[in-house]
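Residue numbers (our numbering): 23 to 359. Cβ atoms here follow ideal geometry from the backbone N, Cα and C, with glycine treated the same way.
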Amino acid sequence: MTEVQRSDKIEMITLHKFLIVFFGLLLFYDYYYTTVPVVARIANPKFTLLGPYNTTEASTDDVYDQLIDIKNFSFKVNPQPCQEYTAGILLVVIISSNPLNYDNRVIIRNTWGRAIESTKVVFLMGEPDNVTVAQKIQNESINYGDIVQGNFVDVYRNLTYKHAMGLKWVTHHCPMAKYVLKTDDDTVVNSYEMRHFLARELSPWGAKNLITCQVLEHAQAQRSDNSKWKVTTAEYANRYYPTYCAGWAILYSQDVVRRLLKAAQSMPYFWIDDVQITGICAQQIGVARTPLGNLILSWHKANLLTSLGPKYTGTFIFGPPDLKSAKIAQIWKAIPE
Ligand SMILES: *[C@@H]1O[C@H](CO)[C@@H](O)[C@H](O)[C@H]1NC(C)=O
Ligand SMILES: *[C@@H]1O[C@H](CO)[C@@H](O)[C@H](O)[C@H]1NC(C)=O
Ligand SMILES: *[C@@H]1O[C@H](CO)[C@@H](O)[C@H](O)[C@H]1NC(C)=O
Ligand SMILES: *[C@@H]1O[C@H](CO)[C@@H](O)[C@H](O)[C@H]1NC(C)=O
Ligand SMILES: *[C@@H]1O[C@H](CO)[C@@H](O)[C@H](O)[C@H]1NC(C)=O
């Protein structure tokens, strides 16, 4: 073998080694970034993500016709949009809705809640105490098939029944949803970014112990007569509420929904639903709440978005609350696809 041939051979071996290492790294990189999602935009995630080989238990022992202290609960209207998705669905959105907010529902159906891939949307309601309104709701429900209605009176102080009914409906009728978003009918969800956030940044297989939202800490129970949130010491004895989520947008993983329902079913009724479900019940089942921070659109940023465009706001997944229907439409129009 001449010197030239030998050095050729060495070069060949080095090249082979290099290629093997290179493609190995490439494969590893690909594997790593497609199987271990990086939760880049959440500072301190207090949940775990699921992969293709681990799932959470889907069975439930919930008593179907009990809703907290209502012993003869039933769904008056009970659509089944999840039924065909036996293999699973990424997200179901349950929207706590006031029967009178027809305009909001129409806007939501035409904007962020319109039929998008791998997402189902329903509105939660009780029974309106006004016959005319009740008839309108019945009509609306026939036309759109997206109203879940329970047999309790739809009044403000019954909002905890509405939230718990949403958890019950998901547990029994949409247990294949990986994530559950509970919102109100006066906010906007960036459905494009939400889907991306769930399927890419979190995991398409779902998560465990996930409650994420705008987290409120050290909130005091309001005792003053002129507060909309006035609570007597008989209703709630402590001075402070536990840490809880602002109720207008809360993202749950499926396992948490079942466990929160179970806790809510056996606890005394307290009418402030976000405190009760995401504070008291979440504490009982031992699930920490993860703040979403910058992923929530503030009022200020919402105004920047509609006046100057998306460059000035960064990405967001939902917010702000208390929007009029026209504002929902305006914000939606400003969101890039
Ligand atoms: C699921 O499996 C992944 C790895 O495949 C692991 O990182 C994760 O912690 C597991 N999650 C749970 C809830 O067991
Ligand atoms: C449910 O029970 C309550 C009290 O026990 C009763 O007032 C109400 O009429 C019942 N509702 C139905 C739909 O049976
Ligand atoms: C019921 O609602 C209708 C339409 O919203 C309203 O005109 C009517 O006064 C209400 N009736 C009662 C009894 O409140
Ligand atoms: C019922 O729905 C139809 C079709 O959307 C509408 O034309 C009609 O006015 C509605 N009736 C009532 C009582 O709201
Ligand atoms: C809440 O709903 C229940 C069941 O329909 C009803 O008995 C109760 O009066 C309602 N609460 C209020 C404050 O109206």
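Using 10 angstroms around the beta-carbon of I339, count the other beta-carbons present and answer buried if the total reaches 16, otherwise exposed. For the purposes of this step, residue 339 is taken as residue 317 along the sequence shown, with counting starting at 1. I339 is buried by the Cβ-count criterion.
Counting only runs that start and end within the segment 164 to 209, where is the alpha helix (DSSP H) found for 4 or more residues in a row? 181 to 195
So the candidates are P343, A268 and L122; which of them puts its Cα closest to the Cα of Q236? As a first step, residue 236 is located in the sequence shown; it is residue number 214 there, counting from the start. Considering only alpha carbons, the answer is A268.
Using the beta-carbon count (16 or more within 10 Å), is V143 buried or exposed? Looking up residue 143 in the sequence shown gives position 121. Counting Cβ neighbours within 10 Å, V143 comes out buried, since at least 16 surround it.
Assuming I164 contacts P150 (C-beta within less than 8 Å), just tell me the rounded distance between them. For the purposes of this step, residue 164 is taken as the residue at position 142 of the sequence shown. For the purposes of this step, residue 150 is taken as the residue at position 128 of the sequence shown. Rounded, the Cβ-Cβ distance is 16 Å, inconsistent with contact.
Beta-carbon gap between N231 and V192 smaller than 8 Å: Residue numbering aside, residue 231 sits at position 209 when the sequence shown is read from its first letter. Residue numbering aside, residue 192 sits at position 170 when the sequence shown is read from its first letter. Contact: no.
Going by DSSP, which residues form a beta bridge with I116? For the purposes of this step, residue 116 is taken as the residue at position 94 of the sequence shown. In the DSSP output, where bridge partners are listed per residue, I116 has V144 and K204.
Beta-carbon separation (whole angstroms), L314 vs T234, contact threshold 8 Å: Locating residue 314 in the sequence shown gives position 292, counting from the first residue. Locating residue 234 in the sequence shown gives position 212, counting from the first residue. Right, their Cβ atoms sit about 5 Å apart.
In terms of residue numbering, what span does the beta strand (DSSP E) encompassing K98 cover? Within the sequence shown, numbered from 1, the residue matching residue 98 stands at position 76. Its beta strand (DSSP E) spans residues F97 to V99.
Is there contact between the segment 330 to 339 and the segment 93 to 113, where contact requires at least three CB pairs shorter than 8 Å? no
Can you tell me the Cα-Cα spacing of F95 and S119, whole angstroms? Stepping through the sequence shown from its first residue, residue 95 is reached at position 73. Stepping through the sequence shown from its first residue, residue 119 is reached at position 97. If I take the Cα positions, the gap works out to 19 Å.
Report yes if the C-beta distance between K204 and G188 is below 8 Å; otherwise report no. For the purposes of this step, residue 204 is identified with residue 182 of the sequence shown, where counting begins at 1. For the purposes of this step, residue 188 is identified with residue 166 of the sequence shown, where counting begins at 1. A contact, by the Cβ cut-off of 8 Å.
Alpha carbon to alpha carbon, how far is Q244 from S275? Stepping through the sequence shown from its first residue, residue 244 is reached at position 222. Stepping through the sequence shown from its first residue, residue 275 is reached at position 253. Those two C-alpha atoms are separated by around 31 Å.
Measuring straight from C-alpha to C-alpha, what distance separates K284 and E215? Here residue 284 corresponds to residue number 262 of the sequence shown, with the count starting at 1. Here residue 215 corresponds to residue number 193 of the sequence shown, with the count starting at 1. The alpha-carbon atoms of K284 and E215 are separated by roughly 31 Å.
Measure from the alpha carbon of Q306 to the alpha carbon of each residue in C104, L319, P290 and L72, then state which is nearest. What you label residue 306 is simply residue 284 of the sequence shown in a count that begins at 1. Closest option to Q306, Cα to Cα, is P290.
Roughly how many whole angstroms lie between the Cα atoms of Y54 and R217? Start at 1 with the first residue of the sequence shown, and residue 54 comes out as number 32. Start at 1 with the first residue of the sequence shown, and residue 217 comes out as number 195. With a pLDDT of 47 at Y54, under the threshold of 50, the modelled position of this residue cannot be trusted, and the question is left open.
Let me check understanding here. Comparing Cα to Cα, which of L146, P103, L113 and I138 lies closest to N123? As a position in the sequence shown, residue 123 is number 101, starting the count at 1. Among L146, P103, L113 and I138, the Cα nearest to that of N123 is on L146.
Between which residues of its own chain and L71 is the CB-CB distance below 7 Å, once the five residues before and five after are set aside? As a position in the sequence shown, residue 71 is number 49, starting the count at 1. If we look at L71 and ignore the five residues flanking it on each side, its Cβ neighbours are P59, L224, S225 and A229.
Is there at least one non-hydrogen atom of ligand 6 closer than 7 Å to the beta-carbon of V177? Absence of ligand 6 is noted for the structure shown, with ligand 1, ligand 2, ligand 3, ligand 4 and ligand 5 being the only ligands found.
Taking the continuous beta strand (DSSP E) assigned at A271, which residues delimit it? Taking the sequence shown and counting its residues from 1, the one referred to as residue 271 is at position 249. Where A271 is concerned, the enclosing beta strand (DSSP E) stretches over A271 to S275.
Own chain, CB closer than 7 Å to N74, minus 5 neighbours either side, in chain order: Working through the sequence shown from its first residue, we reach residue 74 at position 52. The sequence given here places Pro at residue 74; Asn does not occur at that position. These residues qualify, in order along the chain: W227.
So is Q171 buried or exposed if we call it buried at 16+ other beta carbons inside 10 Å? In the sequence shown, residue 171 corresponds to position 149, counting from 1. Q171 comes out buried.
For A304, which three-state DSSP category applies? Against the sequence shown, residue 304 aligns to sequence position 282. Helix at A304.
How far does the beta strand (DSSP E) with I233 in it extend, from its first residue to its last? Along the sequence shown, read from residue 1 onward, the residue named residue 233 stands at position 211. Here the beta strand (DSSP E) through I233 covers I233 to C235.
Is it the case that the segment 75 to 94 contacts the segment 247 to 267, given that we only count it when at least three CB pairs across the two stretches are under 8 Å? no
Let me make sure I understand the geometry here. Which of A304, R280, I130 and N100 has the alpha-carbon closest to that of W354? To locate residue 354, count along the sequence shown from 1; it is residue 332. Nearest of A304, R280, I130 and N100 to W354, Cα basis: I130.
Under three-state DSSP, which class holds L71? If you number the sequence shown from 1, residue 71 lands on position 49. Note: L71 maps to strand in three-state DSSP.
Tell whether a beta-carbon distance below 8 Å holds between K98 and T312. Translated into the one-based positions of the sequence shown, residue 98 becomes position 76. Translated into the one-based positions of the sequence shown, residue 312 becomes position 290. No, these two residues do not count as a Cβ contact at 8 Å.
Should L319 and P342 be called a contact, given that it needs their Cβ atoms to be closer than 8 Å? What you label residue 319 is simply residue 297 of the sequence shown in a count that begins at 1. What you label residue 342 is simply residue 320 of the sequence shown in a count that begins at 1. Result yes, Cβ atoms of L319 and P342 sit closer than 8 Å.
Inspect the beta-carbon positions of D207 and I117 and report whether they are closer than 8 Å. Residue mapping note: residue 207 aligns to position 185 of the sequence shown, counting from 1. Residue mapping note: residue 117 aligns to position 95 of the sequence shown, counting from 1. Result yes, Cβ atoms of D207 and I117 sit closer than 8 Å.
So which residues put a beta carbon under 6 Å from any heavy atom of ligand 3, going in chain order? N152, T154 and V155
Would H185 be called buried (16 or more neighbouring beta carbons within 10 Å of its own) or exposed? Taking the first residue of the sequence shown as 1, we reach residue 185 at position 163. So H185 ends up on the buried side.
Neighbourhood of G135 by C-beta distance below 7 Å, restricted to the same chain and skipping five residues each side: Translated into the one-based positions of the sequence shown, residue 135 becomes position 113. Hits under 7 Å: V115 and V143.
With a 10 Å radius around its C-beta and 16 neighbouring C-beta atoms as the bar for buried, classify W270 as buried or exposed. Counting from 1 along the sequence shown, the entry for residue 270 is found at position 248. So W270 counts as buried.
Assumed close pair T133, A351 - CB separation to whole angstroms, cut-off 8 Å: Here the question's residue 133 lines up with position 111 in the sequence shown. Here the question's residue 351 lines up with position 329 in the sequence shown. Contact flag correct, Cβ pair sits at about 6 Å.
Ligand 5 and N66: does any heavy atom of the ligand fall closer than 7 Å to the residue's C-beta? On the sequence shown, position 44 is the one that residue 66 refers to. Outside the cutoff, so no.
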